[in-house]
DNA sequence: TATTTTTGTTTAAACGATTAAGTTTTTGCC
DNA sequence: GGCAAAAACTTAATCGTTTAAACAAAAATA
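Chains as they are written, first to last, in our numbering: chain C, 883 to 1217; chain D, 883 to 1217.
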């Protein structure tokens, strides 16, 4: 391994102190350094292929220019798209992003956060997981800058950027009602995560407003790590009751894809026999014969705001910012 | 901000030297430290909520336990799935992954690599981009551990793990032939990246072996950042020639999704009028009425091997390992 | 010419860990 | 008790930067 070039090496070669080299390469003390020295130093740096050791710099400056991003799973398109936008935003401000997937496991979540803190990240962007309140509270206590994204806890007073899930679910359900569905069901997660319970509430509220009773029974919950069979069972169940559903709202794109795969095998026509709406945009549902009507989360906006709030919080120590963004109902063939 | 606790703080509180604290917390010098001291130190560390500053440690040990992952785009499912597996593998070995998207731009690619090196990553896993040979050669010159994944350059003697793209394309084309297609076309990228040219070669070779001539004309290329319209045009072109294609091979899942979206709007039945095969697995094509036959890249295997090779290379300074993995043709409805 | 100011540069401490080498204390043995 | 060996601990250098403060030389001012 070619030994790495340090400031000292340059200093030795040019015959000056490391301080001067540092000043020149960082453009500090502008005008107070002779053209001559500056030129020589820059030249040497280039010739010797000097690259500053950020680790050493970070130790001294207490700044790593690194943001930790904790999400449920980077291989989920929702999060990978979010991650990509955050990456781009961060890069513009010279930050690097380290990403970790919690798999919805609170222990893994906390371990990730700890690892990131040990690495001295300057701040965190977090899509939280159920059961991580104490972990988040610790962050607050230790005054670590962070922003919650997508998921947040009403009990935790922290920065967040999230969808107005109640409203989105409400609107989606209304759409199903307005196109004439009489027995509307929902398949969603059994998680107590606030953003998810809000979706349920929005769904139920819309039904109630329209005089529907016996609503709870049409709300089927699956586990947050539900695989194909679990979703199939939920859908089958809703379809086989005495009053089979004629409209369905899916609580996430993952659920929707799994459900539609199953529905696609049934002798049912969408939307004639069964209307469908889901949360989140996904390519997958474009190729279904009745492309799904969905609630678009403005990911760019969310990611951008989250990053901006974090960076803001990182230099000034300012107020808490909480942003609820409205979803947009994109109407297509399925409802 | 509660001031962070350092070794020194613990040392002061317990009344010992920082060295001893370090030894205890790192379980060095086992047996040569009194139970008494060890206990007190550990207790203090816990009570004071000590967390080791990895930056400081890294500076001293010259190890960051961080791997840089450079891919084209984390929001592409192929890469996000790859990233996820790498993340998991790395985590098991106590490494953290920092991810950067090059967007297929060589300048951005190099900048990312530089940023990662400045951050003193211990090694890199790289899905290269066209025009980055010089950048990679520099890595070799500087003896930086890295592994190429998915894409590699035959001219560059480096570790890599990649699909046998020639064979995969060959097999896929043969499948189209064997089910009776007479005019087989391919839509792929115009990139000179080796893995992509191999796909073209495999395609052409299979045709040639079966006595097809005029092959070149049925190979349509789109730019590596092709959007919907560009792909549509390519497909339309192939369908409107005097001998319209009756079988199509897509060079990537992205192209396939775009193409199928378009084909779905045409009065054509798949596979009767047009058989389809694509590279890479993707949920999106499951919901198409004729789920696509595809070439499965064993991502787990690739990611796992890449990580293993990198870690190996990082401690021992051993030989170059080059792995070509065979794809698997998953036959479904479309061909 | 003497003094102040400006300019250019260096010194040296610091960041928070690690670790080889050295020092002190205890123990064991004759 | 005397001495060597073992055990327990400390000293201090080091990693590669940054940066306040000190310093020297040159320029400006009186």
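All residues carry an ideal CB built from backbone N, CA and C; glycine is no exception.
The region 1098-1105 of chain C makes contact with the region 1058-1074 of chain C, as at least three CB pairs between them are under 8 angstroms. Taking 8 angstroms as the cut-off, the beta carbon of residue 961 of chain D is found closer than this to the beta carbon of residue 1009 of chain D. Contiguous alpha helix (DSSP H) elements confined to the region 1027-1102 of chain C occur at 1047-1060, 1076-1091, taking only those with 4 or more residues. Using a CB distance below 7 angstroms, the part of the region 1169-1203 of chain C facing chain D consists of 1169, 1170, 1171, ordered along the chain. Check the Cα spacing between residue 982 of chain C and each of D:982, D:970, D:988, D:1131: the tightest is with D:970. DSSP places residue 1205 of chain D in the strand class (E or B) of the three-state scheme. Along the region 998-1022 of chain D, going in chain order, the ones with a CB nearer than 7 angstroms to a CB of chain C are 999, 1000, 1001, 1002. Sequence-distant partners of residue 1050 of chain C (beyond 5 residues in either direction) whose C-beta falls short of 6 angstroms from its own C-beta, in its chain, are 1177, 1209. Listed along chain C, the residues sitting closer than 8 angstroms to residue 969 of chain D by beta-carbon distance are 956, 981, 982, 983. Under the DSSP assignment, residue 918 of chain C falls in the alpha helix (DSSP H) whose first and last residues are 917-929. If you draw a straight line from the Cα of residue 1043 of chain D to the Cα of residue 1197 of chain C, it comes to about 42 angstroms. Near chain C, meaning a CB-to-CB distance below 8 angstroms, the residues of the region 928-947 of chain D are 933, 934, 935, 936, 937, 938, 940, 941, 946.
Closest in alpha carbon position to residue 1053 of chain C, among C:904, C:1013, C:1002, C:1092, is C:1092. Residue 905 of chain C: not part of any beta strand (DSSP E); member of the alpha helix (DSSP H) spanning 900-907, first to last residue. The residue from C:924, C:885, C:1211 with its alpha-carbon nearest to that of residue 1024 of chain D is C:885.
If you ignore the 5 residues before and after residue 1202 of chain D, its C-beta comes within less than 8 angstroms of the C-beta of 1039, 1040, 1041, all in its own chain and listed in chain order. When Cβ-Cβ separations below 8 angstroms define contact, residue 1118 of chain C makes no contact with chain D. Counting every other CB atom within 10 Å of its CB across the protein chains shown gives residue 1124 of chain D a total below 16, marking it as exposed. Within the region 1121-1143 of chain D, 1139, 1142, 1143 place their CB atoms closer than 7 angstroms to a CB of chain C, listed in sequence order. Annotation for residue 1016 of chain C: the continuous alpha helix (DSSP H) segment containing it runs 1015-1023.
Residue 940 of chain D sits in a helix when the DSSP states are folded into three classes. Within the same chain, Cβ atoms closer than 8 angstroms to the Cβ of residue 1144 of chain D are found at 1110, 1113, 1114, 1117, 1118, the five residues on either side in sequence being excluded.
When C-alpha distances from residue 1128 of chain D are compared across D:1151, D:1014, D:1138, the shortest belongs to D:1151. For residue 893 of chain D, the closest alpha carbon among the candidates D:913, D:921, D:911 is that of D:921. A direct Cα-to-Cα measurement between residue 1217 of chain D and residue 1046 of chain D gives close to 21 angstroms. Using a CB distance cut-off of 8 angstroms, residue 965 of chain D counts as an interface residue toward chain C. Below the 8 angstroms Cβ cutoff, chain D contributes 957, 959, 962 as neighbours of residue 959 of chain C, in chain order. Judged by DSSP in its simplified three-state form, residue 983 of chain C adopts strand.
Its chain contains 946, 948, 949, 950, 980 as the residues whose beta carbon lies nearer than 8 angstroms to that of residue 1003 of chain C, once the 5 sequence neighbours on both sides are disregarded; these appear in chain order. Using a Cβ-Cβ cut-off of 8 angstroms, residue 1030 of chain C does not count as an interface residue toward chain D, since no Cβ of chain D sits closer than that to its own.
Under DSSP, residue 1177 of chain C forms a beta bridge with C:1161, C:1211. In the three-state reduction of the DSSP assignment, residue 1130 of chain D falls in the strand class. Within the same chain, Cβ atoms closer than 6 angstroms to the Cβ of residue 1195 of chain C are found at 1027, the five residues on either side in sequence being excluded.
By the rule that beta-carbons nearer than 8 angstroms mark a contact, residue 978 of chain D touches chain C.
In the assembly as shown, residue 1005 of chain C is a buried residue. Its beta-carbon has 16 or more other beta-carbons within 10 Å. Scanning chain C for C-beta atoms nearer than 7 angstroms to the C-beta of residue 1146 of chain D yields 1169, reported in chain order.
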